[in-house]
Amino acid sequence: MRIILLGAPGAGKGTQCKRIAAQYGLQHLSSGDILRAERAACTELGTKAQSYMDSGELVPDEVMVEIMTDAIKKAPIAGFILDGFPRTINQAVELDRALTENQLEIDTVLNLNIDDHLVATRITGRRSCPRCGAVYNIENLKPKVDGICDKDGTELIQRSDDKPEVVANRLKTYHQQTEPMVDYYRNNSMVYDIDSNKNADKVSAIIFEKLDALVKTQSYKI
Ligand code: AMP
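Under our numbering, the first residue of the sequence shown carries the number 40, and numbering increases by one thereafter.
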């Protein structure tokens, strides 16, 4: 199964993608996580991406298309879920081209809808584990011990681009460059809209119901 998960920053893409990947045996391909790993390893790519990420701007399309199409080619046969890519119409067009070249198709596009006024509170409360990538929220998804990852005991951090001034620009970037891309997929009538103002468990239940139905009709092996 091959899925694209869309949504504004703070809509819960990372959390839902991890759950979907675990439930259906898919590879989670997060463009943001790949860039953060490159930054942590101080690679040329990581250094190039840094200033864009820290200001809430998009990394240039050609860089992202190369990284992500490469990751897709290496993904297991069971499939993948794309998180954070594509983010512009141009990226979507290039993704389509790469999928066609590799005789692959996207089975469904899930679009997490969230009200703008909820985004800031959600993101500024977000804490993540620098080692395993687990995501928490100090308001509604707390770790068992304050500030510590449940999975590996690492101290949780706030992402540098989760600071309020950067979040405002990320949201602006989303509305200007990514939202128009949702219509690109809508025109192919592949988009399933999900209300992501609810809590994460309720959103997962809705997604799983949709994907279970898809699995039944298309006989995937999971
Ligand atoms: P995310 O973790 O998906 O919120 O991504 C964090 C940051 O990485 C974004 O604010 C962008 O600066 C950059 N980024 C991630 N994915 C993309 C993409 N597909 N195109 C351009 N920039 C991206």
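Note that CB positions come from ideal geometry on N, CA and C, so glycine has one too.
Endpoints, alpha helix (DSSP H) assigned at residue i
i	result
ILE73	70-79
ILE111	100-113
TYR213	Where TYR213 is concerned, there is no enclosing alpha helix (DSSP H), given that its DSSP letter is neither H nor E.
VAL184	No alpha helix (DSSP H) contains VAL184, which DSSP labels as neither H nor E.
PRO219	218-225
Where residue i falls: helix, strand or coil (DSSP)
i	result
ILE153	coil
GLY53	helix
SER167	strand
LYS249	helix
ARG41	strand
LYS260	Low confidence applies here, because LYS260 scores a pLDDT of 49, under 50, leaving its location unreliable; read the following figure in that light. Reduced to three states, the DSSP call for LYS260 is coil.
GLY64	coil
GLY46	strand
LEU97	coil
GLU144	coil
ILE59	helix
LEU195	coil
Among the options, the one whose alpha carbon lies nearest that of residue i
i	options	result
ILE128	MET92, GLU140, GLN216, ARG166	GLN216
GLU262	VAL205, SER167, VAL254	The structure shown does not extend to residue 262, since the chain is modelled only from 40 through 261, so no value can be given for it.
PRO219	LEU253, GLY46, PRO99	GLY46
VAL132	MET103, LYS249, ALA80	MET103
SER243	MET40, ASP109, ALA50	ALA50
SER235	GLN55, ILE43, ALA207, GLY164	GLN55
GLU178	TYR231, GLY164, LYS190, CYS188	GLY164
MET40	ALA60, THR86, LEU157, ASN152	ALA60
ASP191	PRO169, GLN62, THR212, VAL148	PRO169
ALA239	PRO125, ARG161, LYS255, ASP185	ARG161
ILE96	LYS237, VAL230, ASP201	Reading the sequence as shown, one finds Glu at residue 96 and not Ile. Per the Cα distances, ASP201.
ASN208	GLY64, ASP72, ASP155, ILE116	ASP155
ASN152	ASP100, ILE233, THR256	ILE233
ASP135	ALA117, ILE116, LYS112	LYS112
The beta strand (DSSP E) enclosing residue i, as first and last residue numbers
i	result
ASN176	174-176
ILE128	Unbroken run through ILE128 is the alpha helix (DSSP H), 128-140; no beta strand (DSSP E).
ASP234	230-234
ASP122	119-122
For residue j and residue i, believed in contact at Cβ under 8 Å, the rounded distance
i	j	result
MET92	LEU74	6 Å
LEU149	MET107	About 17 Å; that fails the 8 Å criterion.
VAL205	SER90	Between SER90 and VAL205 the Cβ distance is about 12 Å, and since that is not below 8 Å, they are no contact.
THR147	ILE42	6 Å
Residue i Cβ short of 7 Å to the ligand PLP heavy atom set
i	result
GLN89	Questions concerning the ligand PLP fall outside what the structure shown contains, since the ligands it does hold are the ligand AMP.
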